[in-house]
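Reviewing the structure listed below.
Chains as they are written, first to last, in our numbering: chain E, 601 to 1084; chain C, 67 to 582.
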């Protein structure tokens, strides 16, 4: 979730030529290769009596401070019939509270040279600010205020709901592959609420009321469901005192916290869908496989596999599908790690003149290679180097450091995982990668979507609108795609 | 192609393909003392006159803190290569960028996209490495290499852990100095460009920006799409690419910037090791290009609708000429733009926050070597296309003629300064900022004086700039979307609406409509 870069389906690929490795070896003699370390995040952790967890790390390299509040409530907690609600609610958190007028958060951040934003993911909602460090107390006050109270008035609510509907149009309707991404998740889960789209639907958004807003705040926005993270230029004692002053008085409710307990059943056979879009410049083919929860031991090997398949122009998918075979305009793989269960996915956009079946076969061949033989030592080292470099980049800023701590604490249950992550990854072996590829990328665990332009929709059956096609219907699709 | 799973409150800043300049504007420097004076004004303006309890009003800020600003140092090699180094050591990362002082503006009229294709092909093969070997070499280090052209410059850059910087600069030098431009790679890249264009021409937002360039600059060099059109890309030949490289890629037309966790002496040594023997050609540098901005094109205000019946949303854009980077009014311009743009800027206030008509409205004053464009844009449901166009233009007029109280101006300056400072926090942001100053021949002192320059701008300066340089009367309107849903309304406001079906759009000519 934090790793949006990893979920990004980018161009990628791989492949190896001995000469290349030798060339690299000449440039960087092995003995001289000092492994760069990701500097340790020296954080402090405390929990208030009301259950609020506080993580803090001092870094005085710039006179700014990042403040984040992580709430353990995400799109999977959308109320029934209210898909998109957790995200709409996140927008409303910038409207008025007991002591703040609408948009006052912008006055306290943007107007003083800082910034604020928030994001809603499947499992969490995160609010964050970066401000000149002398504004730390002001922002702690403000975050405590919107945790303790939220005022919603009808006019503000409706206007912000219209904004979210425009966001829906901008993400789902306007971009060429927006609808594909929208459908991918809905098709990938059968029971778990991950199947509902985080952005929602126009109908569900219209159905949501200010009453829903109040209920959601009192259900999930409570100190024992929140983690405050502060990183940057501050004095630890002073921070503790401010946290005590502004957050400690917020009571912990007696009500139990509802948690999603639905278990997604295992897939028992390949599923195939053909979807049509209004605005599809080039057809696309996507696969998803159910994968274990983010905290699973296998996640590290899946991340390495993702990097080897998909990171950069030397990655396997780019090298084979885009560069050599030229069957795809872009091709990528992604480990989308979530709290309850994850998706390992593949996405290819066809190169002009190619057929979906060609791309599907090429993707399957790359999966088979990952399963039939271990990745090379050089690929493994490259993947680790790439992950280390990405982590260094993410942690150049206070906000990036705070995201790393929050993610480890809230989604892995231990903030120190931010410090041990690279060590864990470095232990992943080629055999581990091969094992997880065999274990999860099976035929019965595979979902396939062909995403085609509306013009290729078969004349009959007319009523088949974005429905599931049985295997018998594949013939029609293949024909639509241009024949074998 | 990306899945962005997280849903953010703010509009993601992925809209611009055009605004390199803006990106570096939102760049760096910290002399926070001046900043803080501004902060205090802004916040006290918020506070109710009579505070009820300590808990009911925000606690005031503490005293601000100062930090040192990174200072670039430079040296010019005997072959004319200008080398600039800027140290910043909070993370073991280094970025290096080699910049050629010409980009898309030197594309011949029939060969739009030539500079960009030439730059992109640098990493696709050298005398000693194939394309896969280049990718492999840099990625094995955990790094990345990128190349491409923008307006006024062509760039190749690498980013790696600091321990790997000599290897990365060796690769950088190889791709810039010894590319082979193999036919096979040209054809592969041509196919990718055409596919990318197919995707871009399916999106209302990108179509609107292509159209805006033509409307503002006509047939002048800044008018064409930087990455070409389907027709021009098909015409580019290997000889054109080789000539472009031979003409412009020479040490006396290049700048190398190295920034991050590296000592200046080591950086200069690395630069000399891999670039000192780069020969300067005997032929003189080509004379500075002709005016990149057409003066004729801006005479008549155009209202252009591209009818795309399957568009799920309309892209609305208001566009006109802006200023060049070295314009004495540069700081007035960026402050004026900041009043309009950004989350709490006037455009987003009116269009998103007050009316819920868009996920985000913004403007950009893109400054280049010659006069660049000013654009204001928002995406909205097709039905509200005409209304949003009216709101964008209305704010442009109001900036020139209406009130601009200090309580509004001060925070908008803080936004600029804060963004500038945040962009200096990363090695790549630092390098981008320094490279941009070097490209336009500006002093590195501007990093230090940025805050004062912004702070000195008055409301009167902004109003004067808006009236004389951003007048709404000379602004063109472009809407790409399902025309039947907004055209009747738009035609009530304008008599001269040009409606062009997307199937008849021709980006190669200022007229924009295919001739039959």
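All C-beta atoms, glycine included, are put in the ideal place defined by N, C-alpha and C.
Keep in mind that this is a model prediction, so the values were computed, not measured.
Identity of the residue in the options nearest residue i by Cα
i: residue 1037 of chain E; options: E:1003, E:866 and E:933; result: E:933
Residue i at chain E interface by Cβ criterion, 8 Å
i: residue 613 of chain C; result: The question about residue 613 of chain C has no answer, for chain C in this structure spans 67 to 582.
i: residue 389 of chain C; result: no
i: residue 569 of chain C; result: no
i: residue 405 of chain C; result: no
i: residue 277 of chain C; result: no
i: residue 156 of chain C; result: yes
i: residue 534 of chain C; result: no
i: residue 447 of chain C; result: yes
i: residue 165 of chain C; result: no
i: residue 213 of chain C; result: no
i: residue 207 of chain C; result: yes
i: residue 566 of chain C; result: no
Residue i to residue j span [Cα, whole Å]
i: residue 147 of chain C; j: residue 317 of chain C; result: 5 Å
i: residue 575 of chain C; j: residue 906 of chain E; result: 44 Å
i: residue 192 of chain C; j: residue 1049 of chain E; result: 39 Å
i: residue 1025 of chain E; j: residue 935 of chain E; result: 14 Å
i: residue 650 of chain E; j: residue 156 of chain C; result: 36 Å
i: residue 783 of chain E; j: residue 897 of chain E; result: 29 Å
i: residue 568 of chain C; j: residue 670 of chain E; result: 45 Å
i: residue 533 of chain C; j: residue 476 of chain C; result: 20 Å
i: residue 267 of chain C; j: residue 368 of chain C; result: 21 Å
i: residue 1014 of chain E; j: residue 1007 of chain E; result: 9 Å
i: residue 450 of chain C; j: residue 417 of chain C; result: 11 Å
i: residue 539 of chain C; j: residue 525 of chain C; result: 21 Å
Any chain C beta carbon closer than 8 Å to residue i
i: residue 940 of chain E; result: no
i: residue 925 of chain E; result: no
i: residue 951 of chain E; result: yes
i: residue 628 of chain E; result: Low local confidence applies: a pLDDT of 35 at residue 628 of chain E is under 50, so the model's placement there is unreliable, and no value is given.
i: residue 992 of chain E; result: yes
i: residue 714 of chain E; result: yes
i: residue 1001 of chain E; result: no
i: residue 643 of chain E; result: no
Contact under 8 Å by Cβ, residue i with residue j
i: residue 648 of chain E; j: residue 820 of chain E; result: no
i: residue 678 of chain E; j: residue 796 of chain E; result: yes
i: residue 384 of chain C; j: residue 442 of chain C; result: yes
i: residue 916 of chain E; j: residue 908 of chain E; result: yes
i: residue 168 of chain C; j: residue 122 of chain C; result: no
i: residue 877 of chain E; j: residue 798 of chain E; result: no
i: residue 891 of chain E; j: residue 794 of chain E; result: no
i: residue 927 of chain E; j: residue 954 of chain E; result: yes
i: residue 270 of chain C; j: residue 445 of chain C; result: yes
i: residue 721 of chain E; j: residue 674 of chain E; result: yes
i: residue 485 of chain C; j: residue 438 of chain C; result: no
i: residue 882 of chain E; j: residue 817 of chain E; result: no
i: residue 931 of chain E; j: residue 1028 of chain E; result: no
i: residue 154 of chain C; j: residue 493 of chain C; result: yes
i: residue 831 of chain E; j: residue 717 of chain E; result: no
i: residue 944 of chain E; j: residue 889 of chain E; result: yes
i: residue 432 of chain C; j: residue 912 of chain E; result: no
Short CB-CB distance (under 8 Å) between residue i and chain D
i: residue 636 of chain E; result: This model lacks chain D altogether, as its protein chains are E and C.
Contact between the region 255-263 of chain C and the region 194-202 of chain C (3+ Cβ pairs under 8 Å) | no
Is the region 282-293 of chain C in contact with the region 460-472 of chain C, if contact means three or more CB pairs nearer than 8 Å?
-> The region 282-293 of chain C makes no contact with the region 460-472 of chain C, as fewer than three CB pairs between them are under 8 Å.
Report yes or no: do the region 731-743 of chain E and the region 676-695 of chain E share at least 3 C-beta pairs separated by less than 8 Å?
-> no
Kindly confirm or deny that the region 539-553 of chain C and the region 449-461 of chain C touch, where touching means at least three C-beta pairs closer than 8 Å.
-> yes
Using 8 Å as the Cβ pair cut-off and three pairs as the minimum, do the region 309-329 of chain C and the region 141-157 of chain C touch?
-> yes
Per the contact definition of three or more C-beta pairs closer than 8 Å, is the region 490-507 of chain C in contact with the region 546-566 of chain C?
-> Counting Cβ pairs under 8 Å, fewer than three are found: no touch.
Quick one: any contact between the region 400-410 of chain C and the region 475-491 of chain C, if contact means 3 or more CB pairs under 8 Å?
-> yes
Can we say the region 753-773 of chain E touches the region 802-812 of chain E, given the rule of at least three CB pairs closer than 8 Å?
-> yes
Is it true that the region 976-993 of chain E meets the region 636-646 of chain E, where meeting means three or more beta-carbon pairs spaced less than 8 Å apart?
-> yes
Segment contact, 8 Å Cβ cut-off, at least three pairs: the region 489-500 of chain C with the region 427-436 of chain C | The region 489-500 of chain C makes no contact with the region 427-436 of chain C, as fewer than three CB pairs between them are under 8 Å.
Any 3 or more C-beta pairs closer than 8 Å across the region 830-850 of chain E and the region 702-714 of chain E = By the C-beta criterion, the region 830-850 of chain E is judged not to be in contact with the region 702-714 of chain E, since fewer than 3 inter-stretch pairs fall below 8 Å.
The region 181-191 of chain C in contact with the region 210-219 of chain C per 3-pair CB rule at 8 Å = yes
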